[in-house]
Each structure stands twice: as C-alpha cells, then as structure tokens.
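Novice: Position 65 of the sequence shown, counting from 1, maps to 65 under the UniProt record's numbering, and the rest follow consecutively.
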Amino acid sequence: MKSSNIKVAAVVVFYHPNLQAINSLKKLSKMLPVVVVDNTEEGEPLEWVESESVNIIRNMCNLGVAKAINQGVEYWQSQGMNWCFLFDQDSVIDDGFIEEMITPITSKRAPADNVAAYVPSYYAKNLESYGSIIQVEKFGITRRHPKYARRNELWASYAINSGSLINLNSFNTIGPYLEGLFIDFCDIEWGLRANAKGFQIITNPEATLIQELGEQPISFMGKKIVNHSPLRHYYYIRNAIHMLRLKHVPLVWKTVECAKMPVRFALYSTMTSNRIQHLKAMTLGLIHGLKNKQGKYCESTRNR
C-alpha cells in the first residue's frame, strides 16, 4: 500500500467521561478524524463535543468495549479508512505520538501485509512502570521491556487496545472483537486470533501511551499489582474460563492462566479494602464462566 493511499482515523470509547477525557478528545481531534462511541446511559448528551472532525455514535447504554470498538471500526471502514487508532477515554498521548505511530505505515518501506496492528509502549502511571511486550511461544510466555528489546524482539502476541493502530484490511480477515467478552480479555483474544491466522502485532518503542491501569494498586512483596473493581474481577474470572474453550488460544497461555487464577482469588479476596465483595464477584464469575455465560452482567441473571 502506497503512503499516498493511507487514510487514518481514530475510535475513542466513552463511558461517563470526565473533563480530562473531553480535553484529550479535543486535542486528538486536531490531529486526525475521530469517532466517539459513547456507552454512557441516556441523559448525558455530548452534542457540544461534535465538530467537523468528531462524530458520535450514542449507544444510550453500556454495550461494552468490544461492541464499541466494532462499531467504531465499522464506521471508519464505511468511510474508506484503512488504518484506525483505538483509544480509551483515560489515555494520555504527547504531541508527537500520532506522528511516531504512523511512521511505519507512511515511510517508503510499506508495512507487511500480515501486520494486524502497531502498538506503542505503555506506561502505567499508577503502577509507575512500563508494560511488557508479551510473547506467547510454544513452551512459555516471554516478557520484554519495550525500551530494551532488540528490533527482532518487538513482535507481540497481544497488547491492550488503547493506543493501538489497527490495519483495517487485516481486520476484515481476523474478524471483529468478541462482543460476548464485553470488556476483559477482548484485546488478548483478538491478538491471539490474529496470531493464529498468521498476522503480527508490532511494538513501536518510540511511542509511549500513558494510562491509569485499574484502581488503587495492591502492594505485594514490594511490587505494585493491578487492581480493579469487584465487577471487573467478575468479568476477568468469567472471561478467563471462556478463553480456555477457544481453540486458537495456545495451550501454554491456558496453562499459565489456570495457574494464575487461584493466586488472583487469594490476592483480591485478602488484600483489597472491600475483600468480601471481590470474593463474591470472582466466585460468581467462576460459576458463570463454567456455565458459559457471556455479555453484560445483569443482577437479574445472577442466580441463573
């Protein structure tokens, strides 16, 4: 694909956005066209956000991250775009982020046809650390620091959605995000599915996305560990079990995840401030995972 044919846009997923999210959107909209997929419930209109460079898809309810991404991607495909950034509302980018991220697709050397996405390095502000490049191999999972990895070590099996630059031509072959996952693991599943179909995810260590991961982290043995709400831990456990059923997910990943699950139960049910709620949520996630429940959690389906 020639650089002259490159058309890039962005999808931003909103859910009860705060002022910082709105300001980040305004900044981003000056760099490239944006569609906001708003999962906020009815009663919080965002008409004043709309402009020539910002379009809004209002769901009027929370349909989940996976559905919102698919809606945004479908919109830009209908507009003739061939590359698309994905952003969460709490992501922070510097002035050179977009230019740095699109360098591989606008340079004289065209990107390979089998590239599913380019992803930045990630810095978790609340954890005070960079996220690792995750590489799922036949006999183990390797983690590499993005700033120290060699050029041939920059491939990733998956990465978090926010900040990623998706190849929409590859997206057609890989397929949409699994909407039944709703939120957790939708990025991991899509990445592993891309790998299984012969596509690559490439890390660009020169671009860094700053983000808050979860809520107040847990301190354990001198290390800060990601912490989420009880509801997110429900989705985590439930969706982890669903991932074990998928044929394209490597056995080594499934084995590691099975080993991590009891550790997560122990940590979040003993070291969080609302430990009982976490334990109940994770237990319900386990039950619903075994029953193969998917989609949004609803109180009315709690005991079904």
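Note that beta-carbon positions come from the ideal geometry of N, C-alpha and C, so glycine has one too.
What you are looking at is a predicted structure, and each value in this text was computed from that prediction instead of being measured.
Name the two residues that bound the continuous beta strand (DSSP E) containing Phe-220.
Specialist: For Phe-220, the enclosing beta strand (DSSP E) starts and ends at 218-220.
Novice: Among residues of its own chain, excluding the 5 on either side of Arg-275, which ones have a beta-carbon nearer than 6 Å to its beta-carbon?
Specialist: Ser-269
Novice: With DSSP as the reference, identify every bridge partner of Gln-135, one or two as the case may be.
Specialist: Thr-142
Novice: Helix, strand or coil for Asn-161, going by three-state DSSP, please let me know.
Specialist: Coil, per DSSP.
Novice: Taking 8 Å as the threshold, find out whether the stretch 202-215 comes into contact with the stretch 250-261 through three or more Cβ pairs.
Specialist: no
Novice: By the DSSP assignment, the beta strand (DSSP E) with Cys-258 in it spans what residues?
Specialist: Run containing Cys-258: none in the beta strand (DSSP E); it sits in the alpha helix (DSSP H), 251-270.
Novice: With a CB to CB cut of under 8 Å and the five nearest residues on each side skipped, what residues in its chain are close to Glu-257?
Specialist: Ala-240, Met-243 and Leu-244.
Novice: Please confirm whether Asn-169 and Asn-114 have their CB atoms less than 7 Å apart.
Specialist: no
Novice: Take every Cβ of the stretch 143-156, pair it with every Cβ of the stretch 22-40, and state whether three or more of those distances are shorter than 8 Å.
Specialist: As far as the Cβ criterion goes, the stretch 143-156 does not touch the stretch 22-40, which means the pair count is below three.
Novice: Does Cys-84 pass the burial test, meaning 16 or more other C-beta atoms within 10 Å, or should it be called exposed?
Specialist: buried
Novice: Would you decide whether residue 311 is buried or exposed? Buried here means 16 or more other CB atoms lie within 10 Å of its CB.
Specialist: It is not possible to answer for residue 311, since the shown part of the chain is limited to 1 through 304.
Novice: Using the C-alpha atoms, what's the distance from Leu-127 back to Pro-217?
Specialist: 7 Å
Novice: I need the boundaries of the beta strand (DSSP E) containing Cys-84, first residue and last residue.
Specialist: 83-88
Novice: Based on the DSSP output, what are the partners of Leu-209 in its beta bridges?
Specialist: Tyr-122
Novice: Take every Cβ of the stretch 171-185, pair it with every Cβ of the stretch 91-101, and state whether three or more of those distances are shorter than 8 Å.
Specialist: no
Novice: Could you check the C-alpha separation between Gln-71 and Gly-175 for me, to the nearest Å?
Specialist: 13 Å
Novice: Relative to the alpha-carbon of Lys-224, which residue among Pro-33, Ile-22, Asn-5 and Lys-125 has its alpha-carbon at the smallest distance?
Specialist: Lys-125
Novice: Suppose the cutoff is 7 Å on Cβ atoms and the five residues either side in sequence are ignored; what does the same chain contact list for Leu-213 look like?
Specialist: Ala-124, Asn-126, Leu-127 and Val-226
Novice: If you follow the beta strand (DSSP E) that Arg-58 is part of, which residue opens it and which one closes it?
Specialist: 54-58
Novice: What does a CB cutoff of less than 8 Å around His-278 pick up in its chain, not counting 5 residues either side in sequence?
Specialist: Contacts found: Pro-230, His-233, Tyr-268, Ser-269 and Thr-272.
Novice: Which residues in the same chain have their Cβ closer than 8 Å to the Cβ of Ser-300, if we skip the five residues on either side of it in sequence?
Specialist: Because Ser-300 carries a pLDDT of 48, less than 50, the predicted location of this residue cannot be relied on, and no value is offered for it.
Novice: Can you tell me where the alpha helix (DSSP H) holding Asp-187 begins and where it ends?
Specialist: 186-196
Novice: Name the residue from Lys-30, Lys-247 and Met-282 whose alpha carbon lies nearest to the alpha carbon of Val-263.
Specialist: Met-282
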